């Protein structure tokens, strides 16, 4: 194993591509771990409505509009609490009453209707809450009153679920408020819309803020899932989880397997036989079923699964091939010499036998990584993934359980699958190229 | 030596060979049985998590009986004291029925004996199509579907890979050779992974093939249409399995053939003037066969296990899907039963492999 | 060339393409073999002698760079034959081979009897029974017990396997057998036995041999003629008696001097340095760097001088030469 062999990698384009992708994934993992620390990410992922409320539910990423003739709308959000530029008119009527009007003006250019319309109110008052009036102005000059109501300190007004309004308008509010009255089909009227939120405050100190969200049908880089979560979070965090699991499992298993094979070959006798028998028994153990059982009955924590996977993997059938190699090495001159000068068994195994076979280990190790990545994904797809961490398999499972394919939400399944594919293929490409370099039997080619 | 004596010598040689294979077979059989026993026992231990599942069952029973009592009109009159007493009595009865009154370790050996004799007992929650609770029936009902799918896939992949690998080994470095080499990493992804993509493309988007299942619902009456429907439903799963295996298979075998074709005896055969076909058959294929068969069988075993997810993704009514359902329903009996079946199938495959190996590789025959 | 000539190689060239360049393994080699004679090709490892065996037998690897020249077998240039013609007309019919280290030359999963019988079935169109009968006869000729017919190669000792290989080479009664280091992997006693077998066969069947080896001692038993090969070129050819008594080329002289003598206190000689790489052979005489008799003319590649009817490729013999065959100029390497 020397530098020249590593430089050989440059001769294989597949290896270079694989390597580039791996570096990208590792970089992504590092970025994710730093920019979105674990605690924070997990809290967010399980945060629920409070965290994700601003996002539409189950929508594809914004860039799908590049491929569509009929453009889907993006969310339009106005938040008086944070946005200073929103037009606000405060008119005191008398010593107690104050009229506060917020005006939201926006252009609607999409070819489809929004998903829903929700207004989130927060207000301050002692005894009497402000009273709100909503006025909707369409580009063609129509003015529609869409609600008169009193609010509380925290109040959510779901325009889309206002049945009375729906009856009045003759259809779902989020559609009818945008629908072109002159058209036979239901298509949105494009142009400048205005939403006037007029509130009557009954106390001098009383005021209110409102966040109005007209939910679009696309969101972000990766879209959202059924809980409105930005899938980017799941996709990003899936990367270090997948890489760590795959690497740890592959490396630990391969190293241990090699050492076990070396020990068995070196000591021979009953040690060797015992190892052979254990290997055979291990072959009988159905790995996936056992993992599933552990996941269902015991714990789904990723660490436990990792442990079991390693335990089941170290006596794998590759012991036989390592054994064959070690058998050859055992008779080598330098080994006999070491034995002659009194080197201990452990020393011989660690310092002589193993390092010789190590180069052959590398390609199989690299190729092993994707199997473990997919194994973890498999468990997650079955619903047995780690309950806390967001992983790619988890996303696929959510998608499957929520009927994503039947509802046409392909992105939900395709994006994590794409990440899995990227990871799996990059390591596989690299591993195969390494195999052609390091495998002594293949070197002649 | 006369011709007759020579014929005798050959017969004697063959007889000796058979005797040695016989001995070898028996030894392997016992070793494998030993491995199966231990493997199954470990599985039983795991399936019950050393009694953890018992606790789940116990609380489940308790709850069920409590509800049962509260709903049953004939118990309405009872006082809380009496009710409690009745509950304990019924719970104890139920536990006895399921054998939970004895400690786990003792029961585990009972399970082991039953499992090994394929007396797989009764399912706790699941039933077979015919309404039986017998685990054996539940499994046997589903086995043909799995065998149909995976058996077909196995045979297809085997022969297609063999054909193309031989073809490619003759054209080392050619365009197709490099295509296959470049595509071999596609086998990093398991079958179900490609299955999802295929379903998205052909079922969801194009709508020309079914989403899953084995036959249309309701199934066609006459056998021809039934068979066609099954065939239609098999297309996507077979395709998914093929994609996930074929490139690596072709690549590995072609590499094997290439390596073995650099052996000295192959050059010797060429020098002797054997035709290229004859060389391929007797000097490359024959010596490589043991390794190829082993590799392929081991790969097939891996696919076996993948069936659990695969069948779930495709909603294919085989034992993989049964397994998955059993796990969801905490039905230990079915879980253990299916696992035992897996273990037996595994052992049978390995055993068959060993025998085939013994016949093909003379070094095993004699040495 | 006369009717006595079985094989005549003229300007045989075999170059290999490797990542580091063109390996000129066989560089314009010419020699002649007469009927029922054994010519020994003598040389160190890496001088190209095995490649020459392959060149004669047309056993070319995938990375052939150049392969040309004339190989006249009984007057017919077999280089002109197509691969299929060569396979059916020449291989094992006219020329067969005993390889180095027969351990690997035998198919491990087929019984040795069948392997020996194979050529008879293919080329002589015999039935399986007839071919096995012939194989049995061959086994007897080479001294292998007949019940080994049903054995597998791994059940035989090295010496037995080599004898099987010889039996296999004989079964079609070819005109010429090329033997590549037939005894180098064997112990001395077996070596002597095998040599005896070869001598007997030559005497009984009239077969001719090309024996390729580095072992002077054993080759001297069988040789009628000796051709010395160095760095891909033939540098001296002589009949065996003359050669062993008085080698002409300095390299040959050193070779002979390196053989330990049974009697006397002389230490065997050795040649310092290593043979040149066949990747970029030096211009000028290829042995010059190691030659103890080197002089200024050696910077130029020597032609082949015919001295006393035998070729020597050394400037020392310029005066004595009755004929001069100019060397192939470097420009001919394409």
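Residue numbers (our numbering), protein chains in the order written: chain X, 132 to 576; chain B, -10 to 356; chain D, 181 to 514.
Ideal Cβ placement from N, Cα and C applies to all residues, glycine included.
Computed from a prediction, not measured in an experiment: that's the story for all the values here.
Item                                                                                                                          : Value
Residue 151(X), enclosing beta strand (DSSP E) - first and last residue                                                       : Unbroken run through residue 151(X) is the alpha helix (DSSP H), 144 to 166; no beta strand (DSSP E).
Residue 465(X): first and last residue of the uninterrupted beta strand (DSSP E) it sits in                                   : Here residue 465(X) belongs to no beta strand (DSSP E); instead the alpha helix (DSSP H) covers 464 to 471.
Three-state secondary structure assigned by DSSP to residue 327(X)                                                            : strand
Residue-chain proximity (residue 203(X), chain B), Cβ-Cβ < 7 Å                                                                : no
Runs of alpha helix (DSSP H) wholly within the segment 408 to 466 of chain D (minimum 4 residues, chain order)                : 420 to 425 and 430 to 437
Cβ-based burial, residue 312(B) [other Cβ within 10 Å; buried from 16]                                                        : buried
Start-end ranges of the beta strand (DSSP E) lying completely within the segment 195 to 282 of chain D, minimum 3 residues    : 201 to 214, 218 to 222, 244 to 253 and 275 to 278
Chain B contact for residue 506(D) (CB, 7 Å cutoff)                                                                           : no
Alpha-carbon to alpha-carbon, residue 489(D) and residue 287(D)                                                               : 45 Å
Boundaries of the alpha helix (DSSP H) in which residue 421(X) is found, first to last residue                                : 418 to 424
At least three beta-carbon pairs within less than 8 Å, the segment 516 to 529 of chain X to the segment 345 to 365 of chain X : yes
Proximity test, Cβ basis, 7 Å: residue 254(X) and chain B                                                                     : no
Among 319(B), 282(B), 154(B) and 172(B), nearest to residue 341(B) - alpha-carbon criterion                                   : 282(B)
Where residue 237(X) falls: helix, strand or coil (DSSP)                                                                      : strand
Supposed close pair residue 282(X), residue 261(X) - CB separation, criterion 8 Å                                             : 6 Å
Best match in 194(D), 219(D) and 339(D) for proximity to residue 412(D) [C-alpha to C-alpha]                                  : 194(D)
C-beta neighbour in chain B for residue 373(X), strict 7 Å                                                                    : no
Straight-line Cα distance separating residue 394(X) from residue 453(X)                                                       : 11 Å
Cross-strand partners of residue 400(X) (DSSP beta bridge)                                                                    : Answer is none; residue 400(X) lacks a bridge partner.
Three-state class that DSSP yields for residue 86(B) in the structure shown                                                   : helix
Distance, residue 206(D) Cα to residue 512(D) Cα                                                                              : Low local confidence applies: a pLDDT of 45 at residue 512(D) is under 50, so the model's placement there is unreliable, with the coordinate-based value given in what follows. One C-alpha to the other measures close to 14 Å.
Alpha-carbon spacing of residue 214(D) relative to residue 162(B), whole angstroms                                            : 43 Å
Classification of residue 325(B) by the beta-carbon crowding that lies within 10 angstroms, buried from 16 upward             : buried
Interface partners of residue 440(X) on chain B, CB under 7 Å                                                                 : Ordered by position in chain B, no residue passes the 7 Å Cβ test against residue 440(X), which lies about 13 Å from the chain.
Residue 266(X): first and last residue of the uninterrupted beta strand (DSSP E) it sits in                                   : 262 to 268
Min CB distance residue 260(B) to chain D below 7 Å                                                                           : yes
7 Å Cβ cutoff met for residue 184(B) and residue 303(B)                                                                       : yes
Burial state of residue 230(D) (16 or more Cβ within 10 Å)                                                                    : buried
Chain B contacts made by the segment 399 to 412 of chain X, where a contact means CB separation under 8 Å                     : 408, 411 and 412
Residues bridged to residue 206(X) (per DSSP)                                                                                 : According to DSSP, which records beta bridges pairwise, residue 206(X) is partnered with nothing at all.
CB contact below 7 Å: residue 4(B) versus chain D                                                                             : no
Residue 303(D): contacting residues in chain A (beta-carbon distance under 8 Å)                                               : Among the protein chains in the structure shown, which are X, B and D, there is no chain A.
Contacts that residue 270(X) makes with chain B (C-beta to C-beta distance below 8 Å)                                         : By Cβ distance, chain B contributes nothing, its closest Cβ being about 36 Å from residue 270(X), past 8 Å.
Interface flag, residue 190(B) vs chain X, CB-CB below 7 Å                                                                    : no
Cutoff 6 Å; reference residue 492(D); Cβ partners in own chain excluding five residues on either side                         : 416, 428, 429 and 485
CA-to-CA distance, residue 251(X) to residue 214(X), given in whole angstroms                                                 : 15 Å
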